Amino acid sequence: MAPLFNKIKLHGFNNLTKTLSFNIYDICYAQTPEQRREYIEYIDEEYNAERLTHILTEVAEIIGANILNVARQDYEPQGASVTMLIAEDDTEEREQFTSTEEPGPLPESLVCHLDKSHLTVHTYPESHPENGISTFRADIDVSTCGRVSPLRALNYLIHSLESDIVTMDYRVRGFTRSVDGGKHFIDHAINSIQNFIAEDTKERYHMIDVNIYQENIFHTKMMLKNFDLDDYLFGGNASDLPAKEQQQIANRVKTEMLEIFYGKNMPDIE
430 MAPLFNKIKL HGFNNLTKTL SFNIYDICYA QTPEQRREYI EYIDEEYNAE
480 RLTHILTEVA EIIGANILNV ARQDYEPQGA SVTMLIAEDD TEEREQFTST
530 EEPGPLPESL VCHLDKSHLT VHTYPESHPE NGISTFRADI DVSTCGRVSP
580 LRALNYLIHS LESDIVTMDY RVRGFTRSVD GGKHFIDHAI NSIQNFIAED
630 TKERYHMIDV NIYQENIFHT KMMLKNFDLD DYLFGGNASD LPAKEQQQIA
680 NRVKTEMLEI FYGKNMPDIE
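Residue numbers (my numbering): 430 to 699.
Below, the structure written as structure tokens:
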């Protein structure tokens, strides 16, 4: 099947729409009201509309898009959103595009044909007053039309938003016609999102695929393999806590991670 996609002679514009939904979860333990307040302030500082705009601008550069319009907003008491409309970048370097299954750049320019496309990001920081768990979520959508796949920006997003849990959905919709009138419902070979992820990331994360090949729907979720309690404490160090409390906090954090990864509530880890 792959050779078929290398040189398709199309009748008119490539009307396929390719969408990557990229969701990250970052978890920490903030027990006191002051720690929870500091955590929210920290997240709002690190993931405000200005920084998110910079991240999406880099994504647009990686996939070779012109930014037509930017709308961004910081919210009170917390959170931010950015939306970009993007369009094709019609240059002589367009032939650099490749649809080979391989990790994308970190970052590196790629010129392609895009139209009626957009980039969006929304953040959702929250903190629970009872068990001390605070979970930050960011949702990013990269939707493109034309020859390029938004998966080219995947590695940049993973490295820009270092996270405990990552879930990714990639789908291709619509169809494009070849010159003989035949329909093509996908124009590049793919059997897993993992083929577009760099090896260093694969070594750090557990990964699970759920794919529906006949519908051109691909889903991958990732969870960090290694656990260091100090990476999850906000406003203190593990060494400052009694061993029993360290274990209790570690169990709460791990339970939160497993629940998000598997999408269901679980009994606390003993």
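A virtual CB, placed ideally from N, CA and C, is assigned to each residue, including glycine.
Here the structure is a predicted model, which is why all the values come from computation and not from measurement.
### Message
For GLY575 and ARG465, what's the separation of their Cα atoms in angstroms?
### Response
Indexing the sequence shown from 1 puts residue 575 at position 146. Indexing the sequence shown from 1 puts residue 465 at position 36. Near 44 Å, if we compare the C-alpha coordinates of ARG465 and GLY575.
### Query
Which residues in the same chain as ILE678 place their Cβ atom closer than 6 Å to its Cβ, once the five residues preceding and following it in sequence are excluded?
For the purposes of this step, residue 678 is identified with residue 249 of the sequence shown, where counting begins at 1. TYR458.
### Task
With DSSP collapsed to three states, give me the class of ARG576.
Counting from one through the sequence shown, the residue named residue 576 turns up at place 147. ARG576 falls in the coil class under three-state DSSP.
### Query
Going along the chain, which residues of its own chain have a beta-carbon closer than 7 Å to the beta-carbon of ASN645, five neighbours each way excluded?
Taking the first residue of the sequence shown as 1, we reach residue 645 at position 216. Only ARG600, VAL601, PHE614 and ILE615 meet the Cβ criterion.
### Query
PHE690 to VAL608, Cα distance in whole Å?
Residue numbering aside, residue 690 sits at position 261 when the sequence shown is read from its first letter. Residue numbering aside, residue 608 sits at position 179 when the sequence shown is read from its first letter. One C-alpha to the other measures close to 44 Å.
### Query
Which residues mark the beginning and the end of the alpha helix (DSSP H) in which GLN502 is found?
In the sequence shown, residue 502 corresponds to position 73, counting from 1. Premise fails: GLN502 lies in the beta strand (DSSP E), 495-503, not in any alpha helix (DSSP H).
### Message
Quick check: what's the CA-CA separation for VAL511 versus ASP593?
### Response
Position 82 of the sequence shown holds residue 511. Position 164 of the sequence shown holds residue 593. If you take the alpha carbons of VAL511 and ASP593, they lie about 23 Å apart.
### Query
Under a Cβ-count criterion, where at least 16 other Cβ atoms within 10 Å of its own Cβ denotes burial, should LEU449 be classed as buried or exposed?
Within the sequence shown, residue 449 is the residue found at index 20, counting from 1. Answer is buried; the Cβ neighbour count reaches 16.
### Task
Count the other CB atoms, across all protein chains shown, that sit within 10 Å of the CB of GLU685; report buried if there are 16 or more and exposed otherwise.
To locate residue 685, count along the sequence shown from 1; it is residue 256. Per the 10 Å Cβ criterion, buried.
### Task
Give the single residue among THR486, LYS693, GLU467 and GLN676 whose Cα lies nearest to the Cα of SER589.
What you label residue 589 is simply residue 160 of the sequence shown in a count that begins at 1. For SER589, the nearest C-alpha among the options comes from THR486.
### Task
Decide if ILE472 is buried, meaning its Cβ has at least 16 other Cβ atoms within 10 Å, or exposed.
In the sequence shown, the residue the question calls residue 472 occupies position 43. ILE472 is buried by the Cβ-count criterion.
### Task
Answer with buried or exposed for PRO554, where buried requires no fewer than 16 other C-beta atoms within 10 angstroms of its C-beta.
Residue numbering aside, residue 554 sits at position 125 when the sequence shown is read from its first letter. PRO554 comes out buried.
### Residue burial classification, ILE515 (beta-carbon count within 10 angstroms, cutoff 16)
Counting from one through the sequence shown, the residue named residue 515 turns up at place 86. Classification for ILE515: buried.
#### Entry: THR461 (DSSP reduced to helix, strand or coil)
Indexing the sequence shown from 1 puts residue 461 at position 32. Reduced to three states, the DSSP call for THR461 is coil.
### Task
Go ahead and label PRO462 buried or exposed: buried means 16 or more other beta carbons lie within 10 angstroms of its beta carbon, across all protein chains shown.
Indexing the sequence shown from 1 puts residue 462 at position 33. So PRO462 ends up on the exposed side.
### Task
Take LYS673 as the anchor and find which of ILE456, ILE637, PHE663 and LEU658 has the nearest alpha-carbon.
Taking the first residue of the sequence shown as 1, we reach residue 673 at position 244. Among ILE456, ILE637, PHE663 and LEU658, the Cα nearest to that of LYS673 belongs to LEU658.
### Task
Please report how far the alpha carbon of SER546 lies from the alpha carbon of GLU559, in whole angstroms.
Reading the sequence shown from its first residue, position 117 is the one you call residue 546. Reading the sequence shown from its first residue, position 130 is the one you call residue 559. The alpha-carbon atoms of SER546 and GLU559 are separated by roughly 42 Å.
### Message
Helix, strand or coil for ASP616? Go by DSSP, reduced to three states.
### Response
Taking the first residue of the sequence shown as position 1, residue 616 is located at position 187. In this structure, ASP616 counts as coil in the three-state DSSP scheme.
### Query
Nearest CA to the CA of LEU481: which residue from ALA567, LYS683 and VAL577?
As a first step, residue 481 must be located in the sequence shown, where it is residue number 52. Nearest option by C-alpha distance: ALA567.
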